[in-house]
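Undergrad: Counted from 1, the sequence shown has number 20 at position 9 by my numbering; the numbering is strictly sequential.
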Amino acid sequence: MGFKYVVDTNRGLVQQVGKLGSDYDKWLHQPINSKASPKLYDNKFIELLTLTPWWLVPVLWLPFVAWNFVVMLRRDVDPITTMFVILLGLFLWTLFEYLNHRFVFHMKMRGYWGNTLHYVLHGFHHKHPMDKYRLVYPPVGVAFIYVSLSSFGRLFIPDLIFPGVRTGFLLGYVLYDVFHYYIHHGKPSIPIMKKLQVRWFSYRILLYLLDDVY
Numbered sequence: 012m013g014f015k016y017v018v019d020t021n022r023g024l025v026q027q028v029g030k031l032g033s034d035y036d037k038w039l040h041q042p043i044n045s046k047a048s049p050k051l052y053d054n055k056f057i058e059l060l061t062l063t064p065w066w067l068v069p070v071l072w073l074p075f076v077a078w079n080f081v082v083m084l085r086r087d088v089d090p091i092t093t094m095f096v097i098l099l100g101l102f103l104w105t106l107f108e109y110l111n112h113r114f115v116f117h118m119k120m121r122g123y124w125g126n127t128l129h130y131v132l133h134g135f136h137h138k139h140p141m142d143k144y145r146l147v148y149p150p151v152g153v154a155f156i157y158v159s160l161s162s163f164g165r166l167f168i169p170d171l172i173f174p175g176v177r178t179g180f181l182l183g184y185v186l187y188d189v190f191h192y193y194i195h196h197g198k199p200s201i202p203i204m205k206k207l208q209v210r211w212f213s214y215r216i217l218l219y220l221l222d223d224v225y
């Protein structure tokens with residue numbers, strides 16, 4: 012299918028996707044199933060910040076999980092309450108991830124800035140689903156979300172239990188991102204994991220064929 016604007020893959024894609032206008036969604040759902048990392052930015056430093064090996068997620072963020080957990084243990088809170096608070100954090104992460112996927116990541120855009128923002132947040136994953144260095148979120152993006160949500164959360168969550176909520180929330184993110192990478196590039200030997208991987212890919216293929224958005 013031809014488009015009014017032809018994307019040049021030798022240049023940064025982020026600065027070009029906005030020019031696709033109403034063709035953006037069609038272009039996005041013609042995936043390039045290559046493990047190679049496309050060029051997102053012409054600036055080499057910014058481009059480098061977008062490339063993240065999967066193992067960096069647990070290496071970088073599990074210490075923050077542990078730190079929040081230790082801080083929570085030092086609070087005057089009983090173990091049962093601590094456990095439920097951490098589970099609350101896991102639930103809030105699940106809700107946060109679901110709402111973003113349902114109402115933000117899969118919106119249909121057609122304007123320049125809408126296309127650009129959508130592509131930066133999640134669209135690149137639809138276009139290059141097998142890019143192994145962009146399957147997990149880059150540290151800069153996670154740090155921004157971590158600080159922003161921490162500041163917002165303090166307005167509603169009591170300080171006494173806040174470290175526990177943050178423990179569960181951040182742990183949920185780490186588990187999600189690592190599992191997401193494994194579904195794409197892992198070679199599961201456990202039957203249930205094989206079934207999950209097959210079903211996930213079958214689901215994605217069906218959605219692309221229907222030109223729907225998940």
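From the three backbone atoms N, C-alpha and C, an ideal C-beta is built for every residue, glycine too.
Just so we're clear, the structure is a prediction, and the values are computed from it rather than from any experiment.
1. How big is the Cα-Cα spacing for Ser229 and Tyr192?
2. Tell me, to the nearest whole angstrom, how far the beta carbon of Val18 is from that of Leu24; I am working on the premise that it is less than 8 Å.
3. Short check: CB of Trp104 to CB of Gly183, under 8 Å?
4. Can you check which of these residues, Val70, Val28, Val158 and Trp65, is closest to Met120 by C-alpha distance?
5. If you draw a straight line from the C-alpha of Leu67 to the C-alpha of Phe14, how long is it?
6. With a threshold of 8 Å, are at least 3 pairs of Cβ atoms found where one atom belongs to the segment 49-69 and the other to the segment 135-155?
7. Decide if Thr178 is buried, meaning its Cβ has at least 16 other Cβ atoms within 10 Å, or exposed.
8. Can you tell me whether Tyr52 is helix, strand or coil according to DSSP?
9. Our contact map puts Phe102 next to Leu181 with C-beta atoms below 8 Å; I'd like the distance itself, whole angstroms only.
10. Would the C-beta of His195 count as close to the ligand SAM, meaning under 7 Å from any of its heavy atoms?
11. Locate the alpha helix (DSSP H) running through Asp36, then write down its first and last residues.
12. With distance defined between alpha-carbon atoms, name the residue in Trp38, Asn111, His196 and Arg22 nearest to Asn126.
13. Cα-Cα, which of Arg145, Gly134 and Pro174 is closest to Val88?
14. Where does the unbroken alpha helix (DSSP H) through Ile43 begin, and where does it stop?
15. Note the first and the last residue of the continuous alpha helix (DSSP H) segment covering Thr230.
16. DSSP three-state call for Ile57: helix, strand or coil?
17. Per the contact definition of three or more C-beta pairs closer than 8 Å, is the segment 161-176 in contact with the segment 125-141?
18. Are there 16 or more other CB atoms within 10 angstroms of the CB of Phe167, so buried, or fewer, so exposed?
19. Can you tell me whether Met118 is helix, strand or coil according to DSSP?
20. Hey, out of Ser162, Gly164 and Pro64, whose CA is closest to Arg3's CA?
21. Apart from the five residues on each side of it in sequence, which residues of its chain come closer than 7 Å, Cβ to Cβ, to Val82?
TA: According to the structure shown:
1. Only positions 12 to 225 of the chain appear in this structure, which leaves residue 229 out of reach.
2. Sure, about 7 Å apart at Cβ, within 8 Å.
3. Yes, they are a contact pair.
4. The shortest Cα separation from Met120 among Val70, Val28, Val158 and Trp65 belongs to Val28.
5. When rounded, the distance between both Cα atoms is 37 Å.
6. Touching, yes, given that three or more Cβ pairs across the two stretches are closer than 8 Å.
7. The residue in question, Thr178, is buried, as its Cβ has 16 or more Cβ neighbours within 10 Å.
8. Correct three-state label for Tyr52: coil.
9. Cβ atoms of Phe102 and Leu181 stay farther apart than 8 Å, at about 13 Å.
10. This structure lacks the ligand SAM, and indeed carries no ligand of any kind.
11. DSSP places Asp36 in the uninterrupted alpha helix (DSSP H) bounded by Tyr35 to Leu39.
12. Restricting attention to Trp38, Asn111, His196 and Arg22, the CA atom closest to the CA of Asn126 is found in Trp38.
13. For Val88, the nearest C-alpha among the options comes from Pro174.
14. Ile43 -> no alpha helix (DSSP H), and no H or E assigned at all.
15. With the chain covering 12 to 225 only, the question about residue 230 has no answer from this structure.
16. For Ile57, the three-state secondary structure derived from DSSP is helix.
17. Here the segment 125-141 makes no contact with the segment 161-176; the two share fewer than three CB pairs at distances below 8 Å.
18. With a threshold of 16 other beta carbon atoms within 10 Å, Phe167 falls short and is exposed.
19. When secondary structure is reduced to three states using DSSP, Met118 falls in the coil class, being assigned neither helix nor strand.
20. Within the shown structure, residues of the chain are numbered from 12 to 225, placing residue 3 beyond reach of any answer.
21. Once the five neighbours on either side are set aside, the close Cβ partners of Val82 are Pro174.
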